[in-house]
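J.: Under the working numbering, the first residue of the sequence shown is numbered 44, with each subsequent residue one higher.
All residues carry an ideal CB built from backbone N, CA and C; glycine is no exception.
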Amino acid sequence: MLAVDRSRPAGPAGRISRVETLSLGTAWRDFSYVRIHTDEGLSGVGEIT
């Protein structure tokens, strides 16, 4: 489930400073994820399909 923190006021978007790809292979399926970091210290993870 995704939770959104709306307590921070909206402002200029941060810049992406780093992108990591993560892979996990299983016997029945491969999982791929991306982790994105910003110059403001925020990070997030998303599934790649």
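#1: In the DSSP assignment, what residue or residues form a beta bridge with residue 65?
#2: Going by the DSSP bridge assignment, what does residue 89 pair with across the sheet?
#3: Give me the residue from 90, 67 and 83 with the minimum Cα distance to residue 60.
#4: Could you say which of 91, 62 and 73 lies nearest to residue 80 if we only look at CA atoms?
T.: So, from the data block:
#1: Translated into positions along the sequence shown, residue 65 becomes position 22. DSSP output for residue 65 lists 76 as bridge partner(s).
#2: The residue labelled residue 89 in the question sits at position 46 within the sequence shown. Bridge partners of residue 89: 77.
#3: Sequence index remark: in the sequence shown, residue 60 carries index 17 (1-based). It is 83 whose Cα lies nearest to the Cα of residue 60.
#4: Numbered from its first residue, the sequence shown carries residue 80 at position 37. Of the candidates 91, 62 and 73, the one whose C-alpha sits nearest the C-alpha of residue 80 is 62.
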